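Top to bottom, those sequences are chains A and B. Numbered per our numbering, the first sequence spans residues 11 to 228. Numbered per our numbering, the second sequence spans residues 26 to 257. The structure under discussion appears below in the form of structure tokens.
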Amino acid sequence: MLDKTGIAKRIAQEVKDGSYVNLGIGIPTLVANYIPQGMNVVLQSENGLLGIGPFPFDGEEDPDLINAGKQTITTIPGSAFFDSALSFGMIRAGKVDLTILGAMEVSENGDIANWKIPGKMVKGMGGAMDLVASAKHIIVAMQHVNKAGESKLLPKCDLPITGLRCVKKIVTELAVLDVLPDGGFKLIERAPGVSVEQIKNATAGKLIIEGDIPEMIL
Amino acid sequence: MNKTVTNATEAIKGINDNMVFAFGGFGLCGIPENSISALVKSGVKGLTCISNNAGVDDFGIGLMLHQRQVKKMISSYVGENAEFERQLLSGELLVDLIPQGTLATRLMAAGYGMPAIFTPAGVGTEVAEGKEVRTFNGKEYLMEYAFDVDFAFVKAWKGDTQGNLIFRKTSRNFNPLVAMAGKITIAEVEELVPAGELDPDHIHIPGIYVHRIFQGVDYEKRIEQRTLTPRA
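Printed below as a string of structure tokens:
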């Protein structure tokens with residue numbers, strides 16, 4: 011079974027050289043730490059930056075330079091700033107190659123719910139609805155089951171939807187799964203030490219298993 | 026055309042209860058601190074405020090919420106604010122949560138003289154309820170209207186007496202869009218210079234969108250999430 015770092019490491023393997031990537035808050039932010047050295051990947055921050063650098067050293071933080079999680083950051087050679095309309099313009103126009111974000115639920119046809127739990131304080135969708143409606147490729151980092159042990163990979167989302175038919179790939183603590191265009195979670199890899207049976211038990215939506223399922227290599 | 030006023034108190038002349046205001050900033054980054062202070066002192070109330078976020082309990086728009094000046098917030102994300110949550114749950118405050126790109130583009134549309142935009146953000150969600158859906162090239166889009174803003178408040182890094190503005194790093198965020206959207210736009214700057222000192226090629230927002238400009242004072246520039254790389 012993977013911890014959060016393991017999920018981030020596995021997702022980093024999906025990031026292609028020469029791509030523009032938007033990382034959501036939480037586990038997705040950690041993915042940046044595992045992109046191989048020498049690979050040319052530009053991270054987009056939807057508050058208006060292409061080319062996110064590492065967190066600053068103490069004393070070098072700049073209140074005018076933050077990421078979409080409001081954390082202090084730095085730039086890298088080749089970074090560019092822009093306003094929020096242009097930022098979502100490049101997202102909407104499909105210029106950002108990959109979006110990695112968290113989810114509360116994903117359905118077997120790729121619907122995602124990640125912004126609202128009825129009865130709880132709603133903080134808002136931020137840029138999530140814009141990103142999922144336009145991204146060319148969306149990978150979700152999430153826990154396979156919730157705290158009550160119920161599957162979060164469902165036939166249909168119960169929570170309010172963030173976007174329809176948009177998720178292409180899911181990495182959880184148990185598995186890597188592709189969401190097929192015709193519906194269904196296709197099991198691609200098992201997490202180290204996890205059996206196919208465990209994944210079956212944790213998946214409420216349609217699970218497609220073809221042949222031997224390899225264990226992931228981290 | 027000289028747009029200069031002496032300070033925030035003079036800049037906000039003409040504001041009234043129940044108006045629609047828009048504010049630049051992302052979190053606490055690039056917010057118009059001086060104008061917000063003047064608005065708090067003014068006691069104006071019943072406001073509809075368009076702003077990506079609603080500040081924190083003791084800073085930014087949070088200060089106006091604390092004085093019960095805001096009737097409705099239009100934002101994309103409103104965490105980090107206990108007083109906001111209390112007013113929302115008690116029904117004192119209305120909130121309209123909209124996608125961040127939709128918020129930005131509705132402001133932009135106002136500044137571009139376009140009545141509406143089409144965006145795929147929110148299709149199939151509760152955001153789409155009651156909105157016109159149009160299909161272009163096989164994909165569905167929501168029609169979203171341009172905002173109608175009485176007063177817009179922005180913060181820039183440098184500005185000149187003509188109202189031309191230059192923003193700094195990610196404090197640009199919503200500021201240029203908010204500046205474009207206002208019937209009256211008020212810009213506060215860290216450094217106000219005479220016309221001619223800014224390179225025309227470096228200006229982010231031309232002064233035609235700015236009605237009043239002043240040199241801001243005592244910037245706090247609070248950081249919400251100070252995140253550091255440990256020194257080796």
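Where a beta carbon is used, it is the ideal one built from N, C-alpha and C, also for glycine. Because the structure is a prediction, the values reported are computed rather than measured.
So with Cβ pairs under 9 Å, would you call residue i a contact of chain A?
{"i": "B/R197", "result": "yes"}
{"i": "B/C74", "result": "no"}
{"i": "B/A129", "result": "yes"}
{"i": "B/H229", "result": "yes"}
{"i": "B/N77", "result": "yes"}
{"i": "B/S101", "result": "yes"}
{"i": "B/E216", "result": "no"}
{"i": "B/E151", "result": "yes"}
Is it buried or exposed for residue i, if we count other Cβ within 10 angstroms and need 16 for buried?
{"i": "B/H227", "result": "exposed"}
{"i": "A/A103", "result": "exposed"}
{"i": "A/T2", "result": "The question about residue 2 of chain A has no answer, for chain A in this structure spans 11 to 228."}
{"i": "B/S60", "result": "buried"}
{"i": "B/R197", "result": "buried"}
{"i": "A/E118", "result": "buried"}
{"i": "A/S205", "result": "exposed"}
{"i": "A/E160", "result": "exposed"}
{"i": "B/Y102", "result": "buried"}
{"i": "A/S97", "result": "buried"}
{"i": "A/T184", "result": "Per the sequence shown, residue 184 of chain A should be read as Leu rather than Thr. It is buried - the Cβ of A/L184 has at least 16 other Cβ atoms within 10 Å."}
{"i": "B/S115", "result": "exposed"}
{"i": "B/Y244", "result": "exposed"}
Would you report the Cα separation of residue i and residue j, rounded to the nearest angstrom?
{"i": "B/K164", "j": "B/N106", "result": "37 Å"}
{"i": "A/P64", "j": "B/V69", "result": "42 Å"}
{"i": "B/N43", "j": "B/V174", "result": "12 Å"}
{"i": "A/S55", "j": "A/N77", "result": "6 Å"}
{"i": "B/L167", "j": "A/G99", "result": "15 Å"}
{"i": "B/G52", "j": "A/F67", "result": "22 Å"}
{"i": "B/T254", "j": "B/I248", "result": "16 Å"}
{"i": "B/G188", "j": "B/V30", "result": "11 Å"}
{"i": "A/L9", "j": "B/E216", "result": "Any property of residue 9 of chain A remains undetermined from this structure, which presents chain A solely from 11 to 228."}
{"i": "B/N162", "j": "A/S144", "result": "14 Å"}
{"i": "B/R159", "j": "B/P140", "result": "16 Å"}
{"i": "A/G29", "j": "A/G79", "result": "Contrary to the premise, residue 29 of chain A reads as Ser rather than Gly in this sequence. Computed Cα separation, rounded: 21 Å."}
{"i": "A/L40", "j": "B/P57", "result": "32 Å"}
{"i": "B/F199", "j": "B/G71", "result": "23 Å"}
{"i": "A/G215", "j": "B/K246", "result": "48 Å"}
{"i": "A/D140", "j": "B/G221", "result": "40 Å"}
{"i": "A/L169", "j": "A/K157", "result": "15 Å"}
{"i": "A/I171", "j": "A/P87", "result": "38 Å"}
{"i": "A/K60", "j": "B/L119", "result": "Here residue 60 of chain A is Leu; the residue named in the question, Lys, does not match the sequence. Spanning the two alpha carbons is a distance of roughly 34 Å."}
{"i": "A/G120", "j": "A/L174", "result": "7 Å"}
{"i": "A/V181", "j": "A/N211", "result": "16 Å"}
{"i": "B/Q240", "j": "B/R256", "result": "37 Å"}
{"i": "B/V242", "j": "A/V51", "result": "40 Å"}
{"i": "A/L53", "j": "B/N41", "result": "43 Å"}
According to the Cβ coordinates, are residue i and residue j closer than 9 Å?
{"i": "B/I238", "j": "B/V203", "result": "no"}
{"i": "A/I21", "j": "A/P46", "result": "no"}
{"i": "A/I148", "j": "A/C167", "result": "no"}
{"i": "B/K183", "j": "A/D74", "result": "no"}
{"i": "B/I191", "j": "B/H236", "result": "no"}
{"i": "A/V189", "j": "A/M226", "result": "no"}
{"i": "B/L113", "j": "A/M11", "result": "no"}
{"i": "A/A123", "j": "A/G34", "result": "no"}
{"i": "B/A26", "j": "B/G232", "result": "For clarity, residue 26 of chain B is Met in the given sequence; the question names Ala instead. Yes, the Cβ-Cβ distance between B/M26 and B/G232 is below 9 Å."}
{"i": "A/T85", "j": "A/I62", "result": "yes"}
{"i": "B/A171", "j": "B/A134", "result": "yes"}
{"i": "B/T127", "j": "B/K28", "result": "no"}
{"i": "B/F48", "j": "B/A181", "result": "no"}
{"i": "B/G85", "j": "B/G50", "result": "yes"}
{"i": "B/N32", "j": "B/A63", "result": "yes"}
{"i": "A/I127", "j": "A/M114", "result": "yes"}
{"i": "B/C54", "j": "A/N57", "result": "yes"}
{"i": "A/D72", "j": "A/M49", "result": "no"}
{"i": "B/T252", "j": "A/T82", "result": "yes"}
List the residues of chain D that residue i touches, going by C-beta distances under 7 Å, in chain order.
{"i": "B/M133", "result": "Of the protein chains in this structure, namely A and B, none is chain D."}
Using a Cβ cut-off of 9 Å (strictly closer), state whether residue i contacts chain B.
{"i": "A/T213", "result": "no"}
{"i": "A/L59", "result": "yes"}
{"i": "A/Q23", "result": "no"}
{"i": "A/K178", "result": "no"}
{"i": "A/V132", "result": "yes"}
{"i": "A/M11", "result": "no"}
{"i": "A/A18", "result": "no"}
{"i": "A/L33", "result": "no"}
Validate contact between the region 106-115 of chain A and the region 83-98 of chain A using beta carbons, cut 8 Å, 3 pairs: Three or more beta-carbon pairs separated by less than 8 Å are not found between the region 106-115 of chain A and the region 83-98 of chain A, which leaves the two stretches without contact.
Whether or not the region 206-225 of chain A and the region 208-215 of chain B are in contact is what I'm after, with contact meaning three or more pairs of Cβ atoms, one per stretch, closer than 8 Å; do they touch? Taking 8 Å as the limit for Cβ pairs, the verdict is that the region 206-225 of chain A does not touch the region 208-215 of chain B.
Validate contact between the region 92-106 of chain B and the region 144-162 of chain B using beta carbons, cut 8 Å, 3 pairs: Result no; under three Cβ-Cβ pairs closer than 8 Å.
Evaluate the contact criterion for the region 120-128 of chain B versus the region 86-94 of chain B: three or more CB pairs, one atom per stretch, below 8 Å. Output reads no: the region 86-94 of chain B does not touch the region 120-128 of chain B.
How about the region 191-207 of chain A and the region 149-162 of chain B: do they share at least three Cβ pairs that are nearer than 8 Å? The region 191-207 of chain A, when compared against the region 149-162 of chain B, does not touch it at the 8 Å Cβ threshold.
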